[in-house]
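Read through the structure below, which is laid out as C-alpha cells, and then see the notes.
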Amino acid sequence: MNRPEPLVAAAIRLHPDDNVVVARRRIEPETDGAIEGIAPKTAIMRGHKMAVRAIAAGTPALKYGQIIGFATRDIAPGEHVHTENLAVGEFERDYAIGADAAPVDILPPEEQRHFKGYLRPDRRVGTRNYIVVISSVNCSATVSRAIAGHFSARGAMDAYPGVDGVIGLVHGGGCAFNTKAEGYAYLTRTIAGYANHPNVGGVLMVGLGCETNQIPALMAREGLAESDRLHTMTIQALGGTRKTIEAGIAHVEAMMPLVGAARRSDVPASGLTLALECGGSDGYSGISANPGLGYAADLLVRNGGTVILSETPEIYGAEHLLTRRAERPEVAEKLLERIEWWRRYTARNDAEMDNNPSFGNKAGGLTTILEKSLGAVAKCGTTPLRAVYEYAETVRDHGFVFMDTPGYDPVAVTGQVAGGANLVCFTTGRGSVSGFKPAPSLKLATNSEMYRHMSEDMDVDCGTVITGEETIEELGTRIFEKMLAAASGAATASEMLGYGDNEFVPWQLGALM
Numbered sequence: 001m002n003r004p005e006p007l008v009a010a011a012i013r014l015h016p017d018d019n020v021v022v023a024r025r026r027i028e029p030e031t032d033g034a035i036e037g038i039a040p041k042t043a044i045m046r047g048h049k050m051a052v053r054a055i056a057a058g059t060p061a062l063k064y065g066q067i068i069g070f071a072t073r074d075i076a077p078g079e080h081v082h083t084e085n086l087a088v089g090e091f092e093r094d095y096a097i098g099a100d101a102a103p104v105d106i107l108p109p110e111e112q113r114h115f116k117g118y119l120r121p122d123r124r125v126g127t128r129n130y131i132v133v134i135s136s137v138n139c140s141a142t143v144s145r146a147i148a149g150h151f152s153a154r155g156a157m158d159a160y161p162g163v164d165g166v167i168g169l170v171h172g173g174g175c176a177f178n179t180k181a182e183g184y185a186y187l188t189r190t191i192a193g194y195a196n197h198p199n200v201g202g203v204l205m206v207g208l209g210c211e212t213n214q215i216p217a218l219m220a221r222e223g224l225a226e227s228d229r230l231h232t233m234t235i236q237a238l239g240g241t242r243k244t245i246e247a248g249i250a251h252v253e254a255m256m257p258l259v260g261a262a263r264r265s266d267v268p269a270s271g272l273t274l275a276l277e278c279g280g281s282d283g284y285s286g287i288s289a290n291p292g293l294g295y296a297a298d299l300l301v302r303n304g305g306t307v308i309l310s311e312t313p314e315i316y317g318a319e320h321l322l323t324r325r326a327e328r329p330e331v332a333e334k335l336l337e338r339i340e341w342w343r344r345y346t347a348r349n350d351a352e353m354d355n356n357p358s359f360g361n362k363a364g365g366l367t368t369i370l371e372k373s374l375g376a377v378a379k380c381g382t383t384p385l386r387a388v389y390e391y392a393e394t395v396r397d398h399g400f401v402f403m404d405t406p407g408y409d410p411v412a413v414t415g416q417v418a419g420g421a422n423l424v425c426f427t428t429g430r431g432s433v434s435g436f437k438p439a440p441s442l443k444l445a446t447n448s449e450m451y452r453h454m455s456e457d458m459d460v461d462c463g464t465v466i467t468g469e470e471t472i473e474e475l476g477t478r479i480f481e482k483m484l485a486a487a488s489g490a491a492t493a494s495e496m497l498g499y500g501d502n503e504f505v506p507w508q509l510g511a512l513m
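Going by the UniProt record's numbering, the final residue of the sequence shown carries number 513, and the count climbs one at a time with no gaps.
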C-alpha cells in the first residue's frame with residue numbers, strides 16, 4: 001500500500017505571517033508529516049485552506065500576508081478554513097498613496113523584443129486583421145449576423161488569405177434608454193472602440209433605422225466618419241432584411257481587397273496592449289497563473305508595452321495594494337472614487353461588494369472577496385499604476401493602467417478591447433472557455449489537472465508552479481513568449497476552435513424604458 005505524500009509537500013505557505021496554508025492536492029487526515037507539528041483534522045480539498053495556528057473568533061485569517069477574512073468562530077490548527085468559519089469584516093487599509101511606485105527600468109530600444117504585427121496608419125499595431133459587422137441596436141443583430149455568416153461558408157474567404165475573418169458583433173441594447181445617461185456613453189464608446197480597433201481593417205455598421213442609438217449621432221459623438229473602410233446602412237432605408245443582407249455582403253466584399261492587402265511586419269513589443277483577465281478562479285489562481293501573468297506583464301511594461309487590469313468589484317479589499325503603486329495622487333484618488341461608486345451602485349441594487357465569489361470560486365477554495373481580490377491583483381505585476389480609465393475609454397498611456405468594469409468576464413474584456421487591447425491573457429482555475437474576437441485570447445490554467453482535463457481549450461499550464469517544476473519567473477517568461485507568438489499570428493486554443501464571436505457584451509448601465 002502506498003504511503004500518503006508528506007504534508008510538507010502537500011501544502012503551500014505563501015507568506016511567513018500566514019496562519020493558513022493552501023493544499024497542493026487533496027490532504028487526508030491520516031497524511032504523514034505535519035506543518036509546524038500540525039496534522040489535518042479533516043480532509044482538505046486541493047486549493048483549499050488549512051489553519052496552521054489557532055484563529056480566535058473575530059480575528060483575521062492571513063494569506064499572502066494580508067487579511068482575507070475574520071473567523072466567525074474559534075478555528076483550531078488543522079481545521080479546514082472556508083465559508084463555514086470565515087467571513088468578510090471591516091478593517092483599516094493602509095492606502096499609502098505612491099509608497100511603492102518605483103521607477104520602471106524600460107529597456108533601451110535595441111534590447112526590446114519584437115513581434116510580427118499590422119502597423120496601422122495611426123501607428124497603432126494590430127495582432128489580427130478582421131472585418132467586423134457591428135449592430136447599432138439589437139433589432140439589427142440578426143441581419144448583422146447573417147451578413148457575417150455568409151463569409152463563414154467553405155471557400156468564402158479563399159481569395160483573401162490576408163483577412164482573418166468577418167465577425168458579427170451584436171448586443172442586447174441600443175434603444176429605449178436615456179442618451180444623456182452613462183449607459184449611452186458606454187455603448188457608443190464601445191462600438192467606436194471596436195470600429196477604431198487596430199485588429200480591425202474594415203467595418204460595416206448596421207442599424208434598424210428608428211432606434212435611439214442613431215448611427216449618425218453615434219459617429220458624430222465618437223469622431224467617426226464613413227470611408228472606404230467604414231460603411232453604414234439601415235434596414236428600414238434599404239427596404240427590409242433580405243435587401244440589407246444582400247447589400248451588406250456587397251459592402252464587405254468591396255472592402256476585402258483593401259483589408260486583405262495589409263501585411264505583417266516586424267514591430268516592437270511596445271505595440272502590445274494586453275488585457276489582463278481572470279475567470280472561474282480557484283485557490284491556485286493567486287499562487288500560479290496570476291503571479292506568472294504578473295511577471296509577464298512586468299516584462300511587457302519593461303519593453304514599452306501596456307497592460308490593463310479591470311474588474312473593479314474584484315479588486316475590492318485589495319485596492320490599497322494598487323494605491324500604493326499609484327504614480328500620482330490623482331490616479332489613486334480616481335481609483336478610490338470608482339470603488340466608492342461601486343459601493344453606492346451595489347447598495348442601490350440590494351447587493352453587497354463582499355458577495356462576489358461565485359459557486360465555482362468557492363468550490364475551488366476561494367472563500368471571500370478579499371481573498372479573491374488579493375489573488376486577482378497579482379496579474380498586474382509590480383510596476384506603477386499610471387492611469388485609471390472609465391469603461392471602454394481609449395487607453396493612451398503606456399505601462400500599467402486600470403479600467404473600471406464589472407467583474408463579469410465578457411463585459412470586462414469587451415471594455416478593455418474597446419479601449420485598445422490587442423491581446424488578452426485570461427487565467428482560469430475552473431475552466432473558462434471564452435474567446436474575444438477581434439483580440440486573440442490566451443487561456444492560462446492555474447492547475448495541471450484542469451489543463452489536462454480541458455486541454456483543447458487551454459493554452460498554458462501554470463500548474464507547474466504548484467508542483468515545483470517551474471518558478472514564477474520561469475512561468476512568466478514562458479507566458480511572455482507565448483504572448484509574442486500569439487501576437488505574431490499563432491492561433492490560440494479558442495481561435496483553433498473558432499470561438500470568440502459571441503463575447504461582445506457592452507456594459508448595459510441604467511434604466512431601460
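Quick reminder that beta carbons are idealized off the backbone N, C-alpha and C, glycines included.
Assumed close pair residue i, residue j - CB separation to whole angstroms, cut-off 8 Å
i: Ser288; j: Val465; result: 4 Å
i: Leu208; j: Ile235; result: 5 Å
i: Thr427; j: Thr446; result: 6 Å
i: Ile12; j: Val21; result: 6 Å
i: Ser310; j: Thr394; result: Wrong, their Cβ atoms sit about 15 Å apart, outside the cutoff.
i: Gly429; j: Gly280; result: 6 Å
i: Gly59; j: Ala71; result: Here residue 59 is Thr; the residue named in the question, Gly, does not match the sequence. The pair is a contact, with the Cβ atoms about 6 Å apart (cut-off 8 Å).
Residues of its chain near residue i, where Cβ-Cβ distance is below 8 Å and the 5 sequence neighbours each way are ignored
i: Arg386; result: Glu327, Val331, Asp397, His398, Gly399, Phe400 and Val401
i: Leu300; result: Ala269, Leu272, Leu274, Thr306, Val307, Phe480 and Met483
i: Met1; result: Residue placement at Met1 is poorly supported in this model, since its pLDDT is 34, which falls under 50; the coordinates still yield a value, given next. Answer for Met1: no residue qualifies.
i: Val417; result: Gly193, Tyr194, His197, Ala275, Val424, Phe436, Pro438 and Ala439
i: Ala318; result: Gln66, Leu370, Ser373, Leu374, Ala376 and Val377
i: Thr368; result: Ile68, Gly69, Leu86, Ala87, Val88, Gly317, Asp354 and Pro357
i: Val433; result: Lys443, Met454, Asp457, Ser494 and Tyr499
i: Ala76; result: Lys41, Ala51 and Ala54
Inter-residue Cα distance where the pair is residue i and residue j
i: Asp122; j: Asp298; result: 26 Å
i: residue 514; j: Phe91; result: Beyond the ends of the chain as shown, which are 1 and 513, falls residue 514; an answer cannot be given.
i: Leu119; j: Asn85; result: 55 Å
i: Arg113; j: Ser358; result: 38 Å
i: Gly431; j: Ala39; result: 31 Å
i: Arg154; j: Leu14; result: 52 Å
i: Tyr316; j: Thr190; result: 25 Å
i: Ala493; j: Ser441; result: 8 Å
i: residue 514; j: Met403; result: Nothing about residue 514 can be reported from this structure: the residues present for the chain run from 1 to 513 only.
i: Phe504; j: Ala247; result: 24 Å
i: Lys116; j: Leu204; result: 26 Å
i: Ile147; j: Ala61; result: 55 Å
i: Gly260; j: Tyr160; result: 6 Å
i: Asp18; j: Val52; result: 8 Å
i: Ala487; j: Asp266; result: 11 Å
i: Gly489; j: Leu497; result: 15 Å
i: Gly149; j: Thr241; result: 14 Å
Beta-carbon gap between residue i and residue j smaller than 9 Å
i: Arg324; j: Ala54; result: no
i: Phe436; j: Val411; result: no
i: Gly168; j: Val132; result: yes
i: Pro329; j: Gly407; result: no
i: Asp282; j: Gly360; result: yes
i: Pro291; j: Gly476; result: yes
i: Ser144; j: Val104; result: no
i: Cys175; j: Gly294; result: no
i: Gly510; j: Asn199; result: no
i: Asp158; j: Tyr130; result: no
i: Arg124; j: Asn422; result: yes
i: Val206; j: Ser135; result: yes
i: Leu224; j: Pro506; result: no
i: Met255; j: Gly173; result: no
i: Ser448; j: Gly364; result: no
i: Ser140; j: Glu211; result: yes
Close Cβ partners of residue i (< 6 Å) along its chain, the five nearest in sequence each way excluded
i: Ile44; result: Ala23, Ile27, Met50 and His80
i: Ala56; result: Asp74
i: His231; result: Leu204 and His251
7 Å CB neighbourhood of residue i in its chain, flanking five on each side removed
i: Arg46; result: Ala23, Arg24, Arg25 and Arg26
i: Leu107; result: Arg302 and Asn303
i: Ala262; result: Tyr118, Asn129, Gly162 and Gly201
Minimum length 3: unbroken beta strand (DSSP E) runs contained in the region 295-350:
As far as the region 295-350 is concerned, its whole beta strand (DSSP E) runs of at least 3 residues are 306-309.
Restricting to runs no shorter than 4 residues, where is the alpha helix (DSSP H) found entirely within the region 227-258?
235-238
Write down every uninterrupted run of the alpha helix (DSSP H) in the region 438-494 whose length is 4 residues or greater and which is fully enclosed by it, in chain order.
With a minimum length of 4 residues, the continuous alpha helix (DSSP H) runs that stay inside the region 438-494 are 448-453 and 472-487.
Would you mind listing the alpha helix (DSSP H) stretches within the UniProt domain "SAF" (18-87) that are 4+ residues and don't spill past its ends, in chain order?
none
Let me know the beta strand (DSSP E) ranges lying completely inside the region 149-193, each 3 residues or longer, listed in chain order.
165-169
Contiguous alpha helix (DSSP H) assignments of at least 4 residues, all confined to the region 359-401:
359-363 and 369-376
At 3 residues or longer, what runs of the beta strand (DSSP E) sit wholly inside the region 191-227?
Inside the region 191-227, DSSP marks whole beta strand (DSSP E) runs of 3 or more residues at positions 200-207, from first to last along the chain.
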